[in-house]
Structure formats: structure tokens, C-alpha cells
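In terms of the numbering used here, the sequence shown has 45 at position 48, counting the first letter as 1, and numbering is strictly consecutive. C-beta atoms are modelled at their ideal positions from N, C-alpha and C, and glycine is treated no differently. Here is the structure we will look at.
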Amino acid sequence: MALTHFAYDSELKDMLVSIEADGAIIIDNLATPESMDQIARELAPWLGKPVSESPMINDKFRGFQTLRTSGLIGKSTVAGQLALDPTIAKIIDSILGPQCADYQLSWTQAIKIGPGEVAQLPHRDTYMYPFKRPGPECFINTIWAQSDFTRENGATRIYQGSHRWPDNRTPTEDDRYAFAEMPKGSVIVFLGSTYHGGGRNETIDSFRVGIGLAYTLGWLRQEENQYLAVPIEKARALSAELQRLIGYRVHDRYIGWYEGMDENLFRVVTRKNYQTELRGNALHDDNDPDKKKA
């Protein structure tokens, strides 16, 4: 059965119903073709080279005809804009929000599947977290179509309903899947517990390029180390909202704090006189009830 497609201005409740049913949806044309062209130019230094010259590891899982590059927030302004997309934010708030004070960006990766690539092994994106399935969601993935996604050029395969499978069930040849076929500028949103995998590229000269941006609960360790992936000089230029999204924030006051437990942790790494500023911080006042608990 095909995945459900939504227009960019569809009702949130309708999208959530489909995600709950299938584990994934596609939102057509959420980004403009121009923005996809821009991110292609921004990532050309990394995606414009042969697979043999890529610093990324190529193996049976990652593919031998697939080029990848990560750390997208430090390499592309468009990637940051996509990460903060308001439609995506509403979906993530609805699914992850009940389980955390804030969600965060977990990993970023551009994936360029070349001609001759075989289908990727189906997997869940939550394999690194020891949570039992089925259960509450801790991870949501999005893949934006920088190029058209077709069945022939490697569109992502989605095992609909697999987010409800127990841990001891994995896809077999008898399990059917849907192809995330979508035009350039569209995005597939799927739960981390949904089995999926890159498709086989049967073409001669067509590359399938996707921009992966994944989100997780604010109290979980991020899959990609954003503090190394985004150089500090790049992070300094980001908006405060994007700085917080990649992890420069204190989650619910007590997870990830440093010194004065300032909400805007970016001040810690950008101001040499931060320790002096802390002396007037209200969190260090003797009347602070949280301090008295220590």
C-alpha cells in the first residue's frame, strides 16, 4: 500500500493519524526547488566527488555506490532552515513533546545513492537505544528530497506498520513495503521505530539525493556529536533557536548544565568573562530553592 501524501498546509491532526497508522507520511513540496538547488551547491564540495574519495566508511550497510556527508548544520544554511521548519516542528512537538521538555537534533546526513547501488538492509533508527518495542517514541527522522525520489533511483523503502512490531520481529521477504516516491522539495517523516532502508538504484545515470535530519528527546545522547560536527566558529553564527536545537541548552534545568546552569549555554563558550557574569546570576543566590536542595 502506498504511503499517504499530504499538502504542506494539511491539518496537523490528519498527518498525526497517518503517522500513527503507518509509521510514516510524505509532505509534498514543503521546500522550494530553489532551496534544494541551493543546498546542492552548498554540499557540492562533499557530494561532488567520487565515492572512492569519501572519508565516510563504505560497507554493506552504508553502500558501496553511496556518497554521504554529515555535519550539515555547519556546511549548509539551508540545512539549518529545514531543521527548523515549522510544519516539521509541530509534528515533532506532538510526538516527542509529551516525553521531554525539549527535543534536539540527533544526526544530519546527506545521502547520495548512485547508479548500481543495491537495496539497503532494513533497519530501525532506534537500534542504539535500549528501549523495548512497541513503546513510546524517542526518535523521529526526516529525509528531504534534494532530487526526485523514484522507485528506480533508490527511493527509501518503508515497512508500514512496523513501528508496532515487537523487538523480536524483523522484516522478511514476505513483508511488503512502500516506496517513498516524491518530487524534489518534498519530505518523508517517519518514526525511529519504523523499519526502512534505502532503495536499489536501477538507473544508469540518476542519483537519488536525500537530506536526512533526525530528532530525539532532549535527555538522550545525540547520535551525531553536534559539538564536533559543527565547528565553534560556525555555531557562533547560528541563530539562538538553531544553537539550542543542536544542543546548546540545558534540558529541564538539570541535564547538560555547566557552571551557572545558564539556559543559553552558548554564552559559556563565546564569552571569556562568563565566570564574572555568573556572580550576579540568580541561580547562585542563596534564596534559590533549588540550590537549597543540594
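{"Asked": "Separation of residue 262 from residue 236, as counted between CA atoms", "Found": "13 Å"}
{"Asked": "Nearest to residue 140 (by Cα), restricted to the options 205, 114, 162 and 161", "Found": "205"}
{"Asked": "Limits of the beta strand (DSSP E) - the one that residue 65 falls within", "Found": "63 to 67"}
{"Asked": "9 Å Cβ cutoff, residue 114 in contact with chain D", "Found": "In the structure shown, chain D cannot be found, because there is only a single protein chain."}
{"Asked": "Presumed contact (8 Å Cβ cut-off) between residue 70 and residue 186, rounded CB distance", "Found": "19 Å between Cβ atoms; not a contact."}
{"Asked": "Residue(s) in a DSSP beta bridge with residue 194", "Found": "154"}
{"Asked": "C-alpha distance - residue -2 paired with residue 111, whole-angstrom precision", "Found": "26 Å"}
{"Asked": "Buried or exposed by the 16-neighbour rule on C-beta atoms within 10 Å, applied to residue 119", "Found": "buried"}
{"Asked": "Residue 9 classed as buried or exposed, judged by whether at least 16 other C-beta atoms fall within 10 angstroms", "Found": "exposed"}
{"Asked": "Nearest-angstrom Cα separation, counted from residue 65 out to residue 56", "Found": "12 Å"}
{"Asked": "Run of the alpha helix (DSSP H) containing residue 77, from where it starts to where it stops", "Found": "74 to 80"}
{"Asked": "Cβ shell of residue 33 (< 6 Å), same chain only, five flanking positions each side left out", "Found": "143, 181 and 182"}
{"Asked": "Exposure of residue 147, with buried meaning 16 or more beta-carbon neighbours within 10 Å", "Found": "buried"}
{"Asked": "7 Å CB neighbourhood of residue 176 in its chain, flanking five on each side removed", "Found": "148, 152, 154 and 196"}
{"Asked": "Where the beta strand (DSSP E) through residue 224 begins and ends", "Found": "Residue 224 -> not in any beta strand (DSSP E); alpha helix (DSSP H) instead, spanning 223 to 226."}
{"Asked": "Coarse secondary structure for residue 107, derived from DSSP in three states", "Found": "strand"}
{"Asked": "Environment of residue 72 [buried if 16+ CB atoms lie within 10 Å]", "Found": "buried"}
{"Asked": "Residue 117 - DSSP class collapsed to helix/strand/coil", "Found": "coil"}
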